[in-house]
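A short worksheet on the structure shown next.
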Amino acid sequence: MTTSSLPLDFSLEELWMPFTANRAFKRAPRLLASAAGMHYRDVEGRTILDGTAGLWCVNAGHCRPAVVQAIQQSAATLDFAPGFQMGHPASFALAQQLAALAPGDLDHVFFANSGSEAVDSALKIALAYHQARGEPRRVRFVGRLRGYHGVGFGGISVGGIDINKKAFAAQLLPQVDHLPHTHDLAHNAFTRGQPGWGAHLADALEEIVAARGADTIAAVIVEPVAGSTGVLVPPKGYLERLRALCTKHSILLIFDEVITGFGRLGAAFGASYFGVQPDMMTVAKGITNGAVPMGAVIVRGAIYDSVVNAAAESGIEFFHGYTYSGHPLASAAGLATLALYQSEGLFQRAAALAPFWEEAVHSLKDVSKVVDVRNLGLVAGIELEPRAGAPGARGVETLQGCFRNGLLVRVTGDIIALSPSLIIERAHIEELVDILRGVLQRLP
Ligand code: PLP
1435 MTTSSLPLDF SLEELWMPFT ANRAFKRAPR LLASAAGMHY RDVEGRTILD
1485 GTAGLWCVNA GHCRPAVVQA IQQSAATLDF APGFQMGHPA SFALAQQLAA
1535 LAPGDLDHVF FANSGSEAVD SALKIALAYH QARGEPRRVR FVGRLRGYHG
1585 VGFGGISVGG IDINKKAFAA QLLPQVDHLP HTHDLAHNAF TRGQPGWGAH
1635 LADALEEIVA ARGADTIAAV IVEPVAGSTG VLVPPKGYLE RLRALCTKHS
1685 ILLIFDEVIT GFGRLGAAFG ASYFGVQPDM MTVAKGITNG AVPMGAVIVR
1735 GAIYDSVVNA AAESGIEFFH GYTYSGHPLA SAAGLATLAL YQSEGLFQRA
1785 AALAPFWEEA VHSLKDVSKV VDVRNLGLVA GIELEPRAGA PGARGVETLQ
1835 GCFRNGLLVR VTGDIIALSP SLIIERAHIE ELVDILRGVL QRLP
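Residue 1638 in this note's numbering sits at position 204 of the sequence shown, with consecutive numbering throughout.
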């Protein structure tokens, strides 16, 4: 039994918290009570600057009235509509707008409720696509080390994080290979923007093709910028090379844009930012400004055509979907969110602010224990030297110290990830960096 020192009128014991050190948290909880714009307020009434847009999702800032009202209105008029053999206008309207926002011919949308579901849906779509085209042997997936694609069995299988698989290793997808990751401090430490070294790492796909046969590989899935394992910015030319190799071998390329979507890099999607066209994108988080759970797979018209339009007209074409696919509240939140992104020019705002952000985060370069600072758009990773014999300890202490000092950051091991809402002001950026610097300087 764990107890908190806060005077609370509820128990902390019963909730099994996700991706959390439950016992440590319950001894010293960090409880958020409300949010507005760039800030949270905790249950003790302290104001906390949100350096992470919640969990990379509140791209337009917290509790925006337009989004709140859209959700309220939907809840009062259409609380739920079945998505199987039934529809409702908002989900079609949102799909249309997402298709318009997505680059090139990524013009059909399959809704899910989270990034994890979007990823597993995309993997299934890849299999269905090859089967529909008469290539049923293409069943293998290629992920990348240090990739994060959520927590479904598909997602952890293609993901490249050992600790997330350890307990489940006996039942992972059986036919998966991994590309090497692109993180290399020896070559790329303190790079501003995309590193110059590492494009050749994409060529590892050729080795996998040689070993397995191109005609057995369904899809490659990567995050354009790997977020969860500590902001790994792709080397210049890397994504282009991956695209060329996938095209050469007729392998589908899936960009997992759960973090990079909706303006995070200063463009609608990572694909738009890098000018590299995937065959599918998985999105979530910023699609509704984090206000209602939603995920989606955005696919090229040719994929929809193969699986749906080319099928015999004898009923359901794709045996997959969720009770809450395209939920009315999520669809309403998504429409209001996209309207905000547009009316406030938030993607352009992020692009315009990126140089100031870059300058500010790189000012942490000389703080002792900082071994790398990296950035792109409104994202940054600050990597710390692990304490001898206690890897991860400095990361946890940074999270705790920042929170005590009124700043929310995200840590993964000894890497601090920053991803503020796109409405952040310069003064907030200065405050964020000042608090973080103070905490890092005091770390043992
Ligand atoms: N894919 C990527 C790239 C992510 O960053 C995440 C979550 O951070 C996911 C998938 C999983 O999303 P969710 O937690 O909504 O299932």
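A virtual CB, placed ideally from N, CA and C, is assigned to each residue, including glycine.
Exposed or buried, residue i, counting other C-beta atoms within 10 Å across all chains shown (16 or more means buried)?
i: Met1435; result: Residue placement at Met1435 is flagged as unreliable, the pLDDT there being 47, under the threshold of 50; the coordinate-derived value follows with that caveat. The residue is exposed, with fewer than 16 neighbouring Cβ atoms inside 10 Å.
i: Cys1497; result: exposed
i: Arg1808; result: buried
i: Trp1450; result: exposed
i: Phe1518; result: exposed
i: Asn1743; result: exposed
i: Leu1892; result: Within the shown structure, residues of the chain are numbered from 1435 to 1878, placing residue 1892 beyond reach of any answer.
Which residues does DSSP pair with residue i in a beta bridge?
i: Gly1471; result: His1496
i: Thr1734; result: In the sequence under discussion, the amino acid at residue 1734 is Arg, which differs from the Thr named in the question. The partner list for Arg1734 (beta bridge, DSSP) reads Leu1540.
i: Ala1824; result: Arg1821
i: Met1715; result: Phe1689 and Ile1732
i: Phe1575; result: Val1610 and Ala1653
i: Ala1786; result: DSSP, once it has assigned bridges, lists no residue as partnering Ala1786.
i: Asp1618; result: Paired residues: none, contrary to the question.
i: Val1845; result: Ile1850
i: Thr1481; result: Arg1475
i: Val1807; result: Ile1816
Can you check which of these residues, the options, is closest to residue i by C-alpha distance?
i: Leu1763; options: Leu1483, Pro1463, Ala1494 and Ser1508; result: Ser1508
i: Glu1551; options: Asp1690, Leu1874, Ser1525 and Gln1875; result: Asp1690
i: Gln1628; options: Gly1835, Gly1581, Pro1669 and Gln1609; result: Pro1669
i: Ala1494; options: Ala1788, Val1726, Thr1722 and Val1845; result: Thr1722
i: Gln1782; options: Ala1767, Gln1530 and Ser1706; result: Ser1706
i: Glu1674; options: Phe1708, Lys1799, Gln1530 and Asp1713; result: Phe1708
i: Met1728; options: Leu1561, Val1805, Gly1647 and Ala1546; result: Ala1546
i: Arg1677; options: Val1710, Gly1584, Glu1447 and Gly1700; result: Val1710
i: Arg1480; options: Val1492, Cys1491, Arg1464 and Trp1490; result: Arg1464
i: Arg1386; options: Val1717, Val1573 and Asp1713; result: Shown here, the chain extends from 1435 to 1878; a query on residue 1386 therefore has no answer.
i: Gly1847; options: Gly1829, Gln1834, Phe1837 and Ser1853; result: Gly1829
i: Gln1605; options: Gly1586, Thr1616 and His1615; result: Gly1586
i: Ala1660; options: Pro1441, Ser1445, Leu1866 and Ser1853; result: Ser1853
i: Ala1767; options: Asp1513, Pro1452, Ala1462 and Ile1750; result: Asp1513
i: Gly1531; options: Ser1765, Leu1866 and Gly1704; result: At residue 1531 the sequence reads Gln, which differs from the Gly that was named. Of the candidates Ser1765, Leu1866 and Gly1704, the one whose C-alpha sits nearest the C-alpha of Gln1531 is Ser1765.
i: Ile1737; options: Ser1759, Gly1700 and Ile1688; result: Ile1688
i: Ala1562; options: Ser1748, Gln1776 and Val1741; result: Val1741
Would you check if the distance between the CB atom of residue i and the CB atom of residue j is smaller than 9 Å?
i: Val1576; j: Ile1685; result: yes
i: Ala1794; j: Ala1566; result: no
i: Gly1471; j: Ile1857; result: yes
i: Leu1812; j: Arg1698; result: yes
i: Lys1600; j: Ser1591; result: no
i: Ile1655; j: Ile1642; result: no
i: Gly1581; j: Gly1568; result: no
i: Thr1663; j: Val1553; result: no
i: Ala1644; j: Leu1613; result: no
i: Cys1491; j: Ala1785; result: no
i: Val1801; j: Thr1832; result: no
i: His1634; j: Arg1578; result: no
i: Leu1818; j: Leu1772; result: no
i: Leu1557; j: Ala1648; result: no
i: Leu1483; j: Leu1842; result: yes
i: Ala1469; j: Val1665; result: no
Hey, is residue i close to the ligand PLP, as in C-beta under 8 Å from one of its heavy atoms?
i: Asp1690; result: yes
i: Tyr1582; result: yes
i: Gly1488; result: no
i: Val1654; result: no
i: Ala1620; result: no
i: Ile1693; result: yes
i: Ser1662; result: yes
i: Glu1674; result: no
i: Lys1599; result: no
i: Thr1716; result: yes
i: Ser1468; result: no
i: Lys1719; result: yes
i: Pro1878; result: no
i: Val1795; result: no
i: Ser1550; result: yes
i: Val1665; result: no
Are there any heavy atoms of the ligand NAD lying less than 8 Å away from the beta-carbon of residue i, as far as the coordinates show?
i: Pro1668; result: With respect to the ligand NAD, the structure offers nothing, as its ligand set consists of the ligand PLP.
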